[in-house]
Amino acid sequence: MAADTDIRVLSRQEIEALTAELGEKPYRARQLWEWIWKKGARSWDDMSDLPKTFRSLLSERFLLRPLALAEEQRSSDGTVKCAFRTWDGHIVEGVLIPTPTRLTACISSQIGCSLTCSFCATGRLKRIRNLEAAEIVDQVVEVDRLARKYHDQGLTNIVYMGMGEPLLNYANTLRSAERISAEDWLGMSPRRITVSTAGIAKMILKLANDGARFELALSLHAANDAKRARIMPINEQNDLAALKDALRHFTRTTGRPVTFEYILLRGFNDTLQDAQELVRYASDVHAKVNLIEYNPIDAGGFGRTEPRDAEAFQQHLQRKGIVARIRRSRGRDIDAACGQLANKNEPALKEGERLLK
Ligand code: SF4
Numbered sequence: 179m180a181a182d183t184d185i186r187v188l189s190r191q192e193i194e195a196l197t198a199e200l201g202e203k204p205y206r207a208r209q210l211w212e213w214i215w216k217k218g219a220r221s222w223d224d225m226s227d228l229p230k231t232f233r234s235l236l237s238e239r240f241l242l243r244p245l246a247l248a249e250e251q252r253s254s255d256g257t258v259k260c261a262f263r264t265w266d267g268h269i270v271e272g273v274l275i276p277t278p279t280r281l282t283a284c285i286s287s288q289i290g291c292s293l294t295c296s297f298c299a300t301g302r303l304k305r306i307r308n309l310e311a312a313e314i315v316d317q318v319v320e321v322d323r324l325a326r327k328y329h330d331q332g333l334t335n336i337v338y339m340g341m342g343e344p345l346l347n348y349a350n351t352l353r354s355a356e357r358i359s360a361e362d363w364l365g366m367s368p369r370r371i372t373v374s375t376a377g378i379a380k381m382i383l384k385l386a387n388d389g390a391r392f393e394l395a396l397s398l399h400a401a402n403d404a405k406r407a408r409i410m411p412i413n414e415q416n417d418l419a420a421l422k423d424a425l426r427h428f429t430r431t432t433g434r435p436v437t438f439e440y441i442l443l444r445g446f447n448d449t450l451q452d453a454q455e456l457v458r459y460a461s462d463v464h465a466k467v468n469l470i471e472y473n474p475i476d477a478g479g480f481g482r483t484e485p486r487d488a489e490a491f492q493q494h495l496q497r498k499g500i501v502a503r504i505r506r507s508r509g510r511d512i513d514a515a516c517g518q519l520a521n522k523n524e525p526a527l528k529e530g531e532r533l534l535k
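The letter at position 17 of the sequence shown is residue 195 when you use the working numbering, and the numbering goes up by one with no holes.
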């Protein structure tokens, strides 16, 4: 029977059991583990210190199919956007975002997305499939390599804020975050890993009940149900009241605060009334707020809030006791908005656009 499972779905214990089952000494399990998780082996042939017979047996039972870097775009502000090609020919995106204090990787959890938020280029791709945990980790490996290449130091933070809704790929999101924080791998503190969700109340409850150790951010973008539902259809099944209950449960259970991501869309959600609604909602959840400058997408229909209006919005929040920071948009001279590179590369989408013309 042909192999159909990537070896990197196996836990360390499963690798040890497999190694024993194939008649190899226990230290071979450690070597194999290091090849697939630390040394970035791209093929069985790369694992030069493993016996050929062992590699051959492994290749009969398992696949090894890491992401390949298909395109890299560097912005004048240091942002590096990567298009990765999956083994089945799709494109997902990962971004290196350098700031004076951090080197952050923004990574994807799905190919495309089913949630169709109107301001987002990824939402136009539709969901093609979930990424496997190893494919999520591959993005971190590659962006970490770029951080070392361009900045002489590894990543300091990871955000699951690229393509896809991580809580709709729950098991692989948790498994990849565990891998990234494992002592025998990147060893990154879970406090430096943030999973950002569009807001699925029952999955937020599950995260809390499962003892997830990473940070949680909610893509809020409007603190008013009617307005939020216009740009995020997910709000119809997960309204602000349900999300508030889930987030309160999360903060009570984990002892950690949550962050609201709020993209400022000119004339849509950046008025004084929007700020007042946001103050009330954020106060109820004890959330801090990241105000994000919008990176307009083609035909998205939204514009970027003027910097002085963004500052006035921030000051209103701060006067009311809400911790609020402005996140400047990055990589304006490249296709930096989430999903733009994939939109350009995705054959299925291109074909769909051609048919629509
Ligand atoms: S913003 Fe996030 S959840 Fe919404 S369509 Fe884009 S990728 Fe999906």
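Every residue, glycine too, gets a C-beta built ideally from N, C-alpha and C. These numbers were taken from a predicted model, which means no experiment stands behind them.
According to the DSSP assignment, Lys259 belongs to the beta strand (DSSP E) that extends over 258-263. Under the criterion of beta carbons closer than 8 Å, Ala312 and Arg458 do not qualify as touching, at roughly 42 Å.
For Ser507, the closest C-alpha among the options Gly256, Glu238, Leu385, Trp215 is that of Gly256. Ordered by chain, the residues meeting the criterion of a beta-carbon within less than 5 Å of a non-hydrogen atom of the ligand SF4 are Cys291, Leu293, Cys295, Cys298, Thr300, Gly301, Glu343, Ala376.
Secondary structure at Asn387: helix, using DSSP grouped into helix, strand and coil.
By DSSP's assignment, Asp184 forms a beta bridge with Leu241.
Of the residues Asn468, Ala490, Leu425, the one whose Cα lies closest to the Cα of Arg503 is Asn468. For the region 344-385, the continuous beta strand (DSSP E) assignments of 3+ residues that do not extend past its boundaries occur at 371-375, in sequence order. Separation of the CB atoms of Leu394 and Phe428 is rounded to 6 Å, and the pair is thereby assigned contact status at 8 Å. A straight-line Cα-Cα distance of about 43 Å links Ala401 and Arg190. Ala248 is positioned such that its CB atom lies closer than 8 Å to that of Ile269.
In this structure, DSSP gives Glu489 a helical state, which the three-state scheme calls helix. Look at Tyr205 here: in three-state DSSP terms it is helix. Residue Trp211 holds the alpha-carbon nearest to the alpha-carbon of Leu228 among Leu241, Trp211, Pro244. If you check the CB distance, Glu194 and Ala207 come in under 8 Å. Annotation: the continuous beta strand (DSSP E) that includes Val467 extends over 466-471. Non-local C-beta neighbours of Asp423 in its own chain, meaning closer than 8 Å and more than five positions away in sequence, comprise Ala379, ordered along the chain. For Arg505 against Glu471, the beta-carbon gap comes to about 7 Å, under 8 Å, which counts as contact. Contact between the region 338-347 and the region 287-307 is present, with at least three C-beta pairs closer than 8 Å. Where Thr282 is concerned, the enclosing beta strand (DSSP E) starts and stops at 281-284. For Met381, same chain residues with a beta-carbon under 8 Å away, outside a window of 5 residues either side, are Leu345, Leu346, Tyr348, Thr375 in chain order.
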